[in-house]
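Student: Let me give you the structure first, and then I'll get to my questions.
Protein chains: 2
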Amino acid sequence: MTTETLIITGGHVLQLGQDPGIIEANIRVNCITGKITNIDEDPVSAQQRDANDEIIQTLDAAGCVVMPGLVNAHTHAAMTLLRGYADDKPLQAWLREDIWPAEAEMTPTGVRAGTELAIVEMIRSGTTAFADMYFHVPEVVAAIKNAGVRARVGHGVVTAGKDDEAARNDLNKGLEVAQTYDGAADDRIQTAFMPHSLTTVGEEYLQEAVSEARQDNIPIHYHANETRSEVDPIVDNHNKRPLTYASGLDMLSSSDFLAHGVHLETDEIDQLAEAGASLVHCPASNMKLASGIAPIPALLDAGVTVGLGTDGAASNNDLDMFDELRDAAMLGKIGADDAAAVPAAQAIHMATAGGADALGLPGGQIKEGAVADLIVVDLDSPHLTPTHNIISHLAYAARGSDVKHTVCDGTVLMQNREIQTIDVDAVVETAETQAQSLIQRMS
Amino acid sequence: MTTETLIITGGHVLQLGQDPGIIEANIRVNCITGKITNIDEDPVSAQQRDANDEIIQTLDAAGCVVMPGLVNAHTHAAMTLLRGYADDKPLQAWLREDIWPAEAEMTPTGVRAGTELAIVEMIRSGTTAFADMYFHVPEVVAAIKNAGVRARVGHGVVTAGKDDEAARNDLNKGLEVAQTYDGAADDRIQTAFMPHSLTTVGEEYLQEAVSEARQDNIPIHYHANETRSEVDPIVDNHNKRPLTYASGLDMLSSSDFLAHGVHLETDEIDQLAEAGASLVHCPASNMKLASGIAPIPALLDAGVTVGLGTDGAASNNDLDMFDELRDAAMLGKIGADDAAAVPAAQAIHMATAGGADALGLPGGQIKEGAVADLIVVDLDSPHLTPTHNIISHLAYAARGSDVKHTVCDGTVLMQNREIQTIDVDAVVETAETQAQSLIQRMS
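Residue numbers (my numbering), protein chains in the order written: chain A, 1 to 443; chain B, 1001 to 1443.
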């Protein structure tokens, strides 16, 4: 029996792990299962397999590196509609004066348009999987389903400033969305319960909802320890550090992933490690909002799983994970006062395997049996010349626009920079229209 | 009499200055003088001028922003040959163990190849002018002449570790190069005397050479206050801060520009301001080598002219000034603990007018009578959608690969991403060969 096969030929293949390296190999993908079946370093065995398989698609990777698809482990995809809408302000003022008023006007159609724009940008820059915390989640799910990417999604629950009925409605939406969409889009979509943060959701609501989420084995994702002005009220009101508070609410288990973790004390790093909870580092957002520098070397030393996220496009202002992993390396060094901190391979690991592990999604590695979530990065460019060290180039010189092909779950989402699953021009036009009408509604 | 004219049509034109903004205009360039003759906001007067001029070239800027060409105010262009050769090490170890041994093997042919590779990368990412400190300067000059960009060049003088004869030879080369090439390439090339730093050139040598440079009105460019390990020996040996030492050596006048300025005391910021000397901020290099965070808001508040530089490609690892200006905004915020620090327009100003002023080169502004050093940036991309704020996009979301056309001195160097003046494939191939043979000579 022949197998419908996708072959990626002639590339340098990035192998992560303890001793990251590059091998020369063809990669063979079973198009039905979406999994990598072989990594052929030997041309003779490759030829033999060619005879048995039905090769239905070939991607040329000559002069390119084949690497795991990047994982954007914390974003609010539809916020692309607010890209450039407000900049150069600290988190609290920016949220209260600009972002929340704009989001109050966001419609389901707007969320669909913004999410599609985000996905187009992510596919074009090599991201195959992401975590999304937003609202109107059915629209987010529909966009992901069509586009062919992988994601863990949830409804961002906020109870602060709401009466009890509205608070409970939001809480229930958070749970319902997590229960409804887990396994959607041929299992490419997983879910989480996503309370916005430890300050924007009340203690009693968290208690109730987390208990219900645990019964269904639903992971929890929230913003934690992002700014001093978020940490201080928790310490003031509860007389404990945020992660001790979270732990007491059963919000720190091995399936959970927390965004930011800028202001962490040593005890809290240990708590994360002991619980097996993951952290998602968002260096660009932390710089742009002047939130601070997360202690990434200490977190990694403690054994915490660390992924990388762009956060929303309004605080970045792009969703290019190559930017993000370079920022992680750069900020890590300046934060640790040590040029050896967060070396190239570590930044790449966080942007791939680290993110996939944090989200509990398959992907992040190129090996036999793994899902074929992978990208082909063209090295034949002046800014990637000469080729002393491909791993260095991926961390410090490559960018999203160097991605030539993007594959997720064995399906080619972008070939030769042409997206195969979505009409990019239509997405861009709709997003522009939706963004302008959102602003008009506000004035 | 008709004038040979280049027209750039239909773009949004960036106007810098106190209140930066965007106007809709066609730009008209006299191809003989290389200067901007008109900025036509009025289509009727534009039509009248069309009748008088001989339009020999039109660049389409519809859906694009037209802005001043970026100025890379501190680099070592030929170090592209060492891109990715050594990373994740602090400045001193990186220089001593990796970079200096490699540079000892650099030939004139290598410098030519590396400089051409750098210029290709810069033209492709929107840089029209740069400052270059390196050696085998005749090769640098030849590369610039062919490529059509603008630069201030010099020979990086080092006397440390040399006997008196070798030291004097290097010093003389530094002066001779500055005297010989000023005004080369139809005045696109200017020069400076470039002692490497205050620690790598001896005091008596500096005294002699600076005195000679001053007689010829040659500006001086050097690394200053980059790392603590560079500042400490000056304080120890001379019992004064580096810029007081520099001032005593007549190395702090209004034509001079200093690279880095990470570790500056308030008195030194005032000294820069009073002297009218300029500072070139290199945020990516400072992060990658963990050198520290330069006090950019304080420097700008004091009235110091600040430009931006990528530094060499081995400590960045790209020459994309869009990356650099985003890094300047991001690092400025985290350094000042203030999200309002180094706002978008300020970062763009440093990357354009600030850099041109620091180098004492024309450019950095789009106005009638100015040199036509300008770029056209394509906004029609998912990652630059929606268009709430073009200035925000240029600072936070655009990248070098969005540059569509590059014009320097009225000559189109890149049109629709095709470089017009150099054979890019040949440059990439030669640079790769030269880089590999350099490494072979070292082993």
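Note that CB positions come from ideal geometry on N, CA and C, so glycine has one too.
1) Is DSSP giving Glu1054 of chain B helix, strand or coil here?
2) Hey, Ala1037 of chain B and Glu1432 of chain B are a contact pair by Cβ (cut 8 Å); roughly how many whole angstroms apart?
3) So, is the C-beta of Pro1382 of chain B closer than 7 Å to a C-beta in chain A?
4) I'd like the ranges of any alpha helix (DSSP H) spanning at least 4 consecutive residues and lying wholly in the segment 247-324 of chain A.
5) Do three or more CB pairs link the segment 1434-1442 of chain B to the segment 1162-1178 of chain B at distances below 8 Å?
6) Below 7 Å between beta carbons: does that hold for Val1013 of chain B and Ala1025 of chain B?
7) Using the beta-carbon count (16 or more within 10 Å), is Asn1316 of chain B buried or exposed?
8) Please tell me whether Ala1290 of chain B has its Cβ less than 7 Å away from any Cβ of chain A.
9) Taking all protein chains shown into account, do 16 or more other C-beta atoms lie within 10 angstroms of the C-beta of Asp337 of chain A, making it buried, or fewer, making it exposed?
10) Check distances from the C-beta atoms of the segment 244-274 of chain A to those of chain B and list, in chain order, the residues that come in under 8 Å.
11) Any Cβ of chain A within less than 7 Å of the Cβ of His1223 of chain B?
12) So which residues of chain A does Arg1399 of chain B contact, with C-beta pairs closer than 9 Å?
13) Pair every Cβ in the segment 1070-1078 of chain B with every Cβ in the segment 1116-1132 of chain B, then say whether three or more of these pairs are closer than 8 Å.
14) Output, in sequence order along the chain, the residues in the segment 1366-1396 of chain B whose CB is closer than 9 Å to any CB in chain A.
15) Of the choices A:Val201, A:Val231, A:Ala358, whose alpha-carbon is the least far from that of Ala151 of chain A?
16) Quickly, what does DSSP pair Asp40 of chain A with across the bridge? List them, please.
17) Does the CB of Lys1404 of chain B have a neighbour CB from chain A at under 7 Å?
18) Determine the direct distance from the alpha carbon of Thr406 of chain A to that of Val412 of chain A, and round the result to whole angstroms.
19) Run the CB neighbour count on Ile1056 of chain B, radius 10 Å, all protein chains shown included, and call it buried at 16 or more, exposed below.
20) Report the partner residues of His405 of chain A according to the DSSP bridge assignment.
21) Would Gly1114 of chain B count as contacting chain A if we go by Cβ distances under 7 Å?
22) Of all Cβ atoms in chain A, is any one closer than 7 Å to the Cβ of Val1120 of chain B?
23) What runs of the beta strand (DSSP E), each 3 residues or longer, lie entirely inside the segment 89-177 of chain A?
24) So, using beta-carbon positions, are Ile1180 of chain B and Ala1167 of chain B closer together than 7 Å?
25) Classify Ser1211 of chain B as helix, strand or coil using the three-state DSSP reduction.
26) Rounded to the nearest angstrom, what separates Asn1469 of chain B and Thr1003 of chain B at their Cα positions?
27) How should Trp1100 of chain B be labelled, buried or exposed, when 16 other C-beta atoms within 10 angstroms of its C-beta is the threshold for buried?
28) Pick helix, strand or coil for Pro68 of chain A, following the three-state DSSP scheme.
29) Of all the CB atoms in chain B, is at least one closer than 7 Å to the CB of Gly84 of chain A?
30) Find the residues of chain B that neighbour Asp338 of chain A, judging by a C-beta separation of less than 9 Å, and give them in chain order.
31) For Ile293 of chain A, go through chain B and note every residue whose CB falls closer than 8 Å to its CB, in chain order.
32) How would you call Lys1240 of chain B, buried or exposed, if buried means at least 16 neighbouring beta carbons within 10 angstroms?
33) Which residue from B:Gly1114, B:Ala1185, B:Phe1135, B:Glu1176 puts its Cα closest to that of Gly1148 of chain B?
34) Can you pull the DSSP bridge partners for Asp60 of chain A?
35) What residues match up with Tyr222 of chain A in a beta bridge as DSSP calls it?
36) Anything in chain B within Cβ reach of Gln436 of chain A, meaning under 8 Å, just list it in chain order.
Tutor: Here's the rundown:
1) Translated into the one-based positions of the second sequence, residue 1054 of chain B becomes position 54. In the structure shown, Glu1054 of chain B sits in a strand (DSSP, three-state: E or B).
2) Numbered from 1 along the second sequence, position 37 holds the residue referred to as residue 1037 of chain B. Numbered from 1 along the second sequence, position 432 holds the residue referred to as residue 1432 of chain B. According to the sequence as given, residue 1037 of chain B is Thr; it is not Ala. About 42 Å; that fails the 8 Å criterion.
3) As a first step, residue 1382 of chain B must be located in the second sequence, where it is residue number 382. Yes - at least one Cβ of chain A is within 7 Å of the one on Pro1382 of chain B.
4) 266-275, 283-288, 296-301
5) no
6) By one-based count along the second sequence, residue 1013 of chain B stands at place 13. By one-based count along the second sequence, residue 1025 of chain B stands at place 25. Yes, the pair counts as a contact, with Cβ atoms nearer than the cut-off.
7) Position 316 of the second sequence, counted from the first residue, corresponds to residue 1316 of chain B. Classification for Asn1316 of chain B: buried.
8) Taking the first residue of the second sequence as position 1, residue 1290 of chain B is located at position 290. Yes, its Cβ sits closer than 7 Å to a Cβ of chain A.
9) For the purposes of this step, residue 337 of chain A is taken as the residue at position 337 of the first sequence. So Asp337 of chain A ends up on the exposed side.
10) none
11) Numbered from its first residue, the second sequence carries residue 1223 of chain B at position 223. So no, His1223 of chain B is outside the interface.
12) Within the second sequence, numbered from 1, the residue matching residue 1399 of chain B stands at position 399. Going along chain A in sequence order, the residues near Arg1399 of chain B (Cβ under 9 Å) are Asp318, Asp320, Asp323, Arg399, Gly400, Ser401.
13) yes
14) Asp1380, Ser1381, Pro1382, His1383, Leu1384, Thr1385, Pro1386, Thr1387, His1388, Asn1389, Ile1390, Ile1391, Ser1392, His1393, Ala1395, Tyr1396
15) Counting from 1 along the first sequence, the entry for residue 151 of chain A is found at position 151. The candidate whose alpha carbon is nearest that of Ala151 of chain A is A:Ala358.
16) Residue 40 of chain A sits at position 40 when you count from the first residue of the first sequence. DSSP, once it has assigned bridges, lists A:Asn26 as partnering Asp40 of chain A.
17) Numbered from 1 along the second sequence, position 404 holds the residue referred to as residue 1404 of chain B. It does not: the Cβ of Lys1404 of chain B has no partner Cβ on chain A nearer than 7 Å.
18) Counting from 1 along the first sequence, the entry for residue 412 of chain A is found at position 412. Counting from 1 along the first sequence, the entry for residue 406 of chain A is found at position 406. Answer to the nearest angstrom: the Cα atoms are 6 Å apart.
19) As a first step, residue 1056 of chain B must be located in the second sequence, where it is residue number 56. Burial call: exposed.
20) For the purposes of this step, residue 405 of chain A is identified with residue 405 of the first sequence, where counting begins at 1. Beta-bridge pairing links His405 of chain A to A:Val376.
21) Taking the first residue of the second sequence as 1, we reach residue 1114 of chain B at position 114. Gly1114 of chain B does not count as touching chain A.
22) Here residue 1120 of chain B is taken as the residue at index 120 of the second sequence, counted from 1. At least one chain A Cβ lies under 7 Å of Val1120 of chain B.
23) 127-134, 150-157
24) As a working note, residue 1180 of chain B is residue 180 in the second sequence. As a working note, residue 1167 of chain B is residue 167 in the second sequence. Checking the displayed sequence, the identity of residue 1180 of chain B turns out to be Thr instead of Ile. Cβ atoms of Thr1180 of chain B and Ala1167 of chain B: not closer than 7 Å.
25) As a working note, residue 1211 of chain B is residue 211 in the second sequence. Helix at Ser1211 of chain B.
26) Any answer about residue 1469 of chain B is impossible in this case: the structure gives chain B only from 1001 up to 1443.
27) By one-based count along the second sequence, residue 1100 of chain B stands at place 100. So Trp1100 of chain B counts as exposed.
28) Here residue 68 of chain A refers to the residue found at position 68 of the first sequence. In the structure shown, Pro68 of chain A sits in a strand (DSSP, three-state: E or B).
29) As a first step, residue 84 of chain A is located in the first sequence; it is residue number 84 there, counting from the start. Chain B contact via Cβ: present.
30) Taking the first sequence and counting its residues from 1, the one referred to as residue 338 of chain A is at position 338. Result: Pro1090, Ala1290.
31) Residue numbering aside, residue 293 of chain A sits at position 293 when the first sequence is read from its first letter. Those are Ile1334, listed as they occur along chain B.
32) Here residue 1240 of chain B is taken as the residue at index 240 of the second sequence, counted from 1. Its Cβ having fewer than 16 others within 10 Å, Lys1240 of chain B is exposed.
33) Mapped onto the second sequence, residue 1148 of chain B falls at position 148. Taking only the C-alpha atoms, the option nearest Gly1148 of chain B is B:Ala1185.
34) Taking the first residue of the first sequence as 1, we reach residue 60 of chain A at position 60. Beta-bridge pairing links Asp60 of chain A to A:Thr9.
35) By one-based count along the first sequence, residue 222 of chain A stands at place 222. Paired residues: A:Leu258.
36) Numbered from 1 along the first sequence, position 436 holds the residue referred to as residue 436 of chain A. What Gln436 of chain A touches in chain B: Pro1386.
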